[in-house]
Amino acid sequence: MENQNNYDFIICGGGLSGLILAQIFGNDPYFENKKVLILEKEIKSQNDRTWSFWEEKNSAWDSITYKVWNTAEFKAAHFSKKIDLNPFQYKMIRGEDFYKKLHENLEKISNITFLKEKVISIEDKGKEVRVFGEKKSYLAKKVFTSIPPSVQLHEKEKYPLLHQHFVGWFVKTENPIFDPETPQIMDFDLPQKGNTRFIYVLPFSKNKALIEFTLFSANFLEDNEYEDAIEEYLNRKNAGKVVVQDREQGSIPMTSYPFWNKNTPNTMHIGTAGGWTKSSTGYTFQKTIRKAKETVSFLKTRKPLDQMKHKNRFWFYDLLFLDVLSKHNEKGHLLFSLMFKKNSPELIFKFLDEQTTFREEIKIMLSFPTGLFINALWKRIF
Ligand SMILES: Cc1cc2nc3c(=O)[nH]c(=O)nc-3n(C[C@H](O)[C@H](O)[C@H](O)COP(=O)(O)OP(=O)(O)OC[C@H]3O[C@@H](n4cnc5c(N)ncnc54)[C@H](O)[C@@H]3O)c2cc1C
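This is the structure we're talking about:
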C-alpha cells in the first residue's frame with residue numbers, strides 16, 4: 000500500500016515563497032499527478048506584513064491589490080525628485096489578502112495538501128528526503144524550504160550582513176498632510192547618525208498612511224528609537240492629533256551570502272532563505288515570483304537541485320554595493336541620491352529588476368563615486 004506520508008515534493012514554510020511555488024505547481028499540468036505537501040507552522044490569516052513592489056499595469060495580483068500609485072517621490076536633504084513611474088506602477092498588497100487568495104486557490108487543487116506542522120529538521124538521504132516534523136515525519140523526492148538556515152559567523156564576515164529594519168505605523172492624522180497619489184519611497188531628510196536612515200510613506204488618503212522609519216544598517220535600535228523617529232516626522236509635517244490604527248515591524252537580511260551553498264541534490268532553499276531577497280534593497284516579492292518560475296523550469300530538467308546556478312552579474316553588483324554600504328553606512332543617502340539624480344526612474348527600476356543590458360548597467364554605475372566602488376572591487380578581486 001502506498002505510504003500516505005510519501006510525497007513527490009514537500010514545501011517547508013507556507014509564507015510568500017512557499018505559497019508562490021505551490022501555486023505554480025498547481026497551475027502547471029506537468030505536476031498534475033505529483034503529490035505536493037506544504038508544511039507551515041502557523042496557518043497565516045493575519046495582516047502580518049504588507050508587500051509593496053513595482054510592476055507594469057495589469058497583473059495576476061490586481062484582484063488583491065490594495066492600492067496602486069503612478070507617481071512616487073525620492074527625497075534627501077538637498078535633493079528631491081517626483082518620479083513618473085510609467086510604464087510601472089507602485090503597488091501594495093496586504094498580507095492578509097495574499098494568504099486568503101493563495102489558500103483558497105490551493106484548496107481547489109486536489110494533489111496539494113496543506114498541513115499545520117512545525118518542521119524540526121530535513122535530511123537528504125540520497126534517494127529520498129526525510130522531513131522531521133513536530134508531529135510526524137514525511138518522505139519526499141524533493142524538498143523546498145524557506146525556513147532560514149543558520150549562517151556561520153566566518154561566512155558573514157566574507158559577505159557583510161546589513162539589515163533593512165523598520166517599524167511602521169498605520170496612522171490617521173488630524174491634518175491632511177499626505178498626497179494620496181504620491182508615496183515617498185525614500186525620504187532621507189532626517190539625521191543619519193552614521194547610518195542609512197529614511198522615512199517611507201504609503202499614503203492611502205490625505206490623512207491616512209503607512210509611515211515606516213527604516214534603516215539599512217548592521218545594528219538594530221531600541222524599539223522607542225523607531226517610534227520616536229516616526230513621531231518626529233509627523234510633528235515636522237504638522238500632522239496634528241494622530242491615531243495609530245495598526246503597526247508593522249520587520250527585519251529583512253541584506254547580504255550576498257550564497258544561501259544556495261546549503262542546497263543538496265534533493266533539497267533547495269527558497270525565499271529569503273534561498274537568497275531570493277534583492278540584497279541591495281530588501282525587495283523580495285517580485286524576485287520571488289521570478290525565482291520560483293526559474294526553479295520550476297530547472298526542476299523539469301531533472302538535474303540535482305544543487306546544480307541550479309544562482310550567481311549572475313547582478314549578484315556581484317549587489318555584493319560590491321553592500322561592501323561599500325557596510326563600510327560607509329553614513330553614505331547611503333548620497334549613493335541613492337546620485338542614483339535618482341542621474342538616471343531615469345524607468346532605468347533604475349529595470350536595473351533593480353535585473354533586466355538591464357550591460358551598457359545600461361555601466362551608465363548606472365558611473366553615477367556613483369567611482370573611487371569607493373573601485374576600492375571595493377579591488378578588495379574582492381585581490
Ligand atoms: C513586515 C515586513 C514587510 C515587508 N515588506 C516587503 C515589501 O514591501 N516588499 C517586498 O518585496 N518585500 C517585503 N518584505 C520582505 C519579504 O517579501 C518577506 O519577508 C517575505 O515574506 C519573504 O518570503 P519567504 O517565503 O522567504 O518568508 P516568509 O514569507 O516569512 O515564509 C516563511 C514561512 O516559513 C514558516 N516557518 C518558519 N519556520 C518554520 C518551521 N520550523 N516549520 C514550518 N514552517 C516554518 C513561517 O511561519 C513562514 O510562513 C517584508 C518583510 C517583512 C517582515
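Heads up: the sequence shown begins at 0 in numbering that gives the first Met the number 0, then just goes up one per residue. Backbone N, C-alpha and C define an ideal beta-carbon position, used for all residues, glycine too.
Item: Measuring alpha carbon to alpha carbon, tell me which residue in 32, 100, 70, 30 is nearest residue 15.; Value: 100
Item: Any heavy atom of ligand 1 within a distance shorter than 7 Å of the CB on residue 50?; Value: yes
Item: Could you give the distance in angstroms between the alpha-carbon of residue 214 and the alpha-carbon of residue 366?; Value: 22 Å
Item: Consult DSSP for residue 235 and reduce its assignment to one of helix, strand or coil.; Value: helix
Item: Check residue 307 in the structure and name its three-state DSSP category.; Value: coil
Item: Assign residue 73 to one of three DSSP states: helix, strand, or coil.; Value: strand
Item: Using a Cβ-based criterion (distance less than 7 Å to any ligand heavy atom), does residue 272 qualify as near ligand 1?; Value: yes
Item: Would you give the residue range spanned by the alpha helix (DSSP H) that residue 373 belongs to?; Value: 369-380
Item: Taking Cβ positions, are residue 169 and residue 244 nearer each other than 8 Å?; Value: yes
Item: Please name the residue, chosen from 314, 139, 119, that lies closest to residue 131 on a Cα-to-Cα basis.; Value: 119
Item: Leaving out five residues before and five after residue 29 in sequence, what residues of the same chain have Cβ atoms less than 7 Å from its Cβ?; Value: 299
Item: Note the first and the last residue of the continuous beta strand (DSSP E) segment covering residue 179.; Value: Segment: none, residue 179 is in no beta strand (DSSP E) and carries neither H nor E.
Item: For the alpha helix (DSSP H) containing residue 333, list its first residue and its last residue.; Value: 331-341
Item: Are the region 174-188 and the region 140-148 touching, with three or more C-beta to C-beta distances below 8 Å?; Value: no
Item: Assign residue 204 to buried or exposed, taking buried as 16 or more other Cβ atoms, counted over all protein chains shown, within 10 Å of its Cβ.; Value: exposed
Item: What first and last residue would you give for the alpha helix (DSSP H) that runs through residue 4?; Value: Note, residue 4: premise wrong, no alpha helix (DSSP H); not H, not E.
Item: Do you know offhand how far residue 152's Cα is from residue 247's?; Value: Confidence in residue 152 is poor, its pLDDT being 49 and thus under 50, which makes the residue's placement too unreliable to answer from.
Item: Could you tell me the distance, in whole angstroms, from the CA atom of residue 264 to the CA atom of residue 305?; Value: 5 Å
Item: Should residue 43 be listed as close to ligand 1, given that the test is whether its C-beta is under 7 Å from any heavy atom?; Value: yes
Item: Any heavy atom of ligand 1 within a distance shorter than 7 Å of the CB on residue 89?; Value: no
Item: What separation, rounded to the nearest whole angstrom, lies between the Cα atoms of residue 122 and residue 58?; Value: 38 Å
Item: Residue 105: beta carbon under 7 Å from a heavy atom of ligand 1?; Value: no
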